[in-house]
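Each remark here refers to the structure printed beneath this line.
In our numbering, the protein residues as written are 81 to 115.
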């Protein structure tokens with residue numbers, strides 16, 4: 081059960097990381113004057 085809990089935590093971390101990367105890319109695309 082501990083291993084399953086850790087797996088869920090890793091999945092959530094990967095999901096949050098990919099969401100942050102997606103938001104960063106959208107920001108870079110729609111707000112080019114900041115770069």
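The beta-carbon is built from N, C-alpha and C at its ideal position, and this holds for glycine as well.
Non-local beta-carbon contacts of residue 85 in its own chain, meaning distances under 6 Å to residues more than five positions away in sequence, are absent. When rounded, the separation of the alpha-carbon atoms in residue 102 and residue 109 is 11 Å. Residue 111 carries a coil assignment under DSSP once its states are collapsed to helix, strand and coil.
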